[in-house]
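**Student:** Below is one structure. I have some questions about it.
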Amino acid sequence: MMRRGGAATFFAVLSVSLLLYISYSSLNTSTTSFRLRDSAVDKVAKNYSAWHDCLKRNISIYDGNPDGLWGNLWRGIKSCEVIPEMKGLFIGDYPNSDETKRHIVPKMVSCRWKTSKFLYNFQQLPSVIVTLGIGHDTGAEEKLIKGLPHGSEFFGADPMHEINENLYTKLPGKYFPFAVADAAGLAEANVLINTSYTTKTVVTLDIIYFLKNLVKRTFIDDIWIDGEGAEYGLFDHFFNDGKFDENGITFCQFNIEIHKPDNLQKKLFHDFIFQLLNDRRYAIYRPVQGHHMRLFMVNFANEECVYKYIL
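Under UniProt numbering, the first residue of the sequence shown carries the number 1, and numbering increases by one thereafter.
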């Protein structure tokens with residue numbers, strides 16, 4: 001017969017083991033729910049605030065001046081991405097023949113749950129990467145996939161299936177033969193045919209439907225948006241309480257190309273940047289300014305994103 005003291009010890013050990021197993025199991029999914037005592041977002045709040053205040057100081061002069069912001073935002077971003085509070089962020093470069101995409105690979109993080117420590121390797125948690133606008137070039141995806149965990153998934157959409165379908169499925173990735181925008185329907189878009197861009201009427205699919213019903217993922221590690229102008233209609237989706245929040249869709253990182261704007265689009269871009277600052281969710285890095293603008297953004301307000309990519 002087991003003595004009373006031995007039984008108590010046995011059940012105490014069993015209870016702790018079960019708690020650790022449950023916490024590990026809850027982590028080992030693509031929609032991790034962290035049950036940690038300390039908030040990851042709180043841990044990086046000072047870092048984010050330092051970046052936020054830096055950029056605000058640098059661009060507040062352009063509040064109400066869309067032309068000025070379009071021509072000078074890159075200066076503020078470059079100044080603020082090198083402040084001491086941002087030095088621990090390891091942003092990788094993934095070039096293709098036309099541009100460079102950015103991505104932070106998953107990290108290994110030591111976590112504390114209640115009174116027990118455990119090490120969880122985010123480098124083994126598969127990533128979900130979405131490409132909107134493949135453009136006959138998967139050079140960046142081919143480089144990125146080599147550094148991602150086994151089982152990572154790629155989903156790409158482009159209305160011109162010639163070349164794009166073959167390239168993307170070879171990654172391997174799932175290819176969709178249409179454009180993705182803020183609403184379903186028909187739209188005029190600049191698409192790559194052979195070696196030149198041509199205006200063509202294309203079928204567009206609503207991005208919410210695309211992600212929830214076709215990709216069937218709502219936690220996206222990185223989305224690369226090159227929508228040849230469709231990006232302007234997506235700006236407000238990224239705001240706090242916007243359509244992505246309403247549908248439970250999270251992006252840890254995103255690359256976006258903003259195509260040469262007219263006056264109305266400059267105003268949309270101006271409002272987009274200042275609203276992102278007000279929302280205090282994304283930090284902005286690696287600006288490339290020309291006729292178009294390319295930006296890379298990282299989510300500092302989601303627990304899983306912060307644990308996986310920032311801490």
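Each residue gets a CB set at the ideal place from its N, CA and C atoms; glycine is no exception. Computed from a predicted model, the values in this text were never measured in an experiment.
1. What separation, rounded to the nearest whole angstrom, lies between the Cα atoms of Glu165 and Ala179?
2. Within a Cβ cutoff of 8 Å, which residues of the same chain sit near Glu231, ignoring the five residues on either side of it in sequence?
3. Which of the three DSSP states is assigned to Pro84 in this structure?
4. Based on Cα-Cα distance, which residue from Ala187, Pro159 and Gly151 lies nearest to residue 372?
5. Measure the C-alpha to C-alpha separation of Ile310 and Met293 and round it to an integer number of angstroms.
6. Does the beta-carbon distance from Ala189 to Pro159 come in below 8 Å?
7. What are the start and end residues of each continuous alpha helix (DSSP H) run of 4 or more residues lying completely inside the segment 209–264, in chain order?
8. Using the Cα positions of Glu142 and Glu85, report the straight-line distance between them to the nearest angstrom.
9. Spell out the partners DSSP gives Ile284 in its beta bridges.
10. Which one of Pro66, Leu69 and His52 has the shortest CA to CA distance from Val82?
11. Spell out a yes or no on whether the segment 68–80 and the segment 267–286 are touching, meaning 3 or more CB-CB pairs, one atom from each, closer than 8 Å.
12. Whole angstroms is fine: what's the gap from Ala301's alpha carbon to Ile223's?
13. Give the secondary structure of Pro95 by DSSP, where H, G and I count as helix, E and B as strand, and everything else as coil.
14. From Lys217 to Val128, what distance separates their C-alpha atoms?
15. How do the segment 58–71 and the segment 262–273 stand: do at least 3 beta-carbon pairs fall below 8 Å, yes or no?
16. Straight-line CA distance for Lys146 to Ala140?
17. What did DSSP end up calling Gly156 once you bin it into helix, strand or coil?
18. Grouping DSSP H, G and I as helix and E and B as strand, with all else coil, what is Lys170?
19. Leaving out five residues before and five after Lys243 in sequence, what residues of the same chain have Cβ atoms less than 7 Å from its Cβ?
20. Apart from the five residues on each side of it in sequence, which residues of its chain come closer than 6 Å, Cβ to Cβ, to Phe155?
21. When the Cα of Thr136 is compared with those of Leu186, Asp98, Leu148 and Leu144, which residue comes out closest?
22. Tell whether a beta-carbon distance below 8 Å holds between Asp279 and Asn240.
23. Starting from Thr128, follow the beta strand (DSSP E) in both directions and report where the run begins and ends.
24. Span of the alpha helix (DSSP H) holding Ala40?
25. Rounding to the nearest angstrom, what Cα-Cα distance links Arg75 and Lys212 in this structure?
**Tutor:** The structure says:
1. Per the coordinates, the alpha-carbon of Glu165 lies some 13 Å from the alpha-carbon of Ala179.
2. Excluding five sequence positions before and after Glu231, the CB atoms of its chain that fall closer than 8 Å to its own CB belong to Ile225, Ile256, Glu257, Ile258 and His259, given in chain order.
3. Note: Pro84 maps to helix in three-state DSSP.
4. Here the chain comprises residues numbered 1 to 311, so residue 372 is not present and cannot be evaluated.
5. Approximately 25 Å, taken between the alpha carbons.
6. Yes.
7. Positions of the alpha helix (DSSP H) runs, each at least 4 residues long and wholly inside the segment 209–264, are given as 243–246 in order along the chain.
8. Spanning the two alpha carbons is a distance of roughly 31 Å.
9. Ile284 is bridged to Met297.
10. Nearest option by C-alpha distance: His52.
11. Yes: at least three Cβ pairs fall under 8 Å.
12. Going by the C-alpha atoms only, they are around 17 Å apart.
13. Reduced to three states, the DSSP call for Pro95 is strand.
14. The residue asked about is misnamed: residue 217 is Arg in this sequence, not Lys. A direct Cα-to-Cα measurement between Arg217 and Val128 gives close to 8 Å.
15. Contact between the segment 58–71 and the segment 262–273 is present: three or more C-beta pairs spanning the two stretches fall below 8 Å.
16. Those two C-alpha atoms are separated by around 10 Å.
17. In the structure shown, Gly156 adopts extended strand secondary structure according to DSSP, grouped into three states.
18. In the three-state scheme derived from DSSP, where H, G and I count as helix and E and B as strand, Lys170 is classed as coil.
19. So the list reads Ile208 and His237, once near-sequence residues are dropped.
20. Excluding positions up to five away in sequence, the list reads Val130, Lys174 and Val215.
21. Residue identity differs from the one stated: residue 136 is His in this sequence, not Thr. Nearest in C-alpha terms to His136, of all of Leu186, Asp98, Leu148 and Leu144, is Asp98.
22. Taking 8 Å as the cut-off, the Cβ atoms of Asp279 and Asn240 count as close.
23. Going by the sequence as given, residue 128 is Val instead of Thr. Residues Val128 to Leu132.
24. From DSSP, the alpha helix (DSSP H) with Ala40 extends over Ala40 to Lys43.
25. Cα-Cα distance, rounded: 37 Å.
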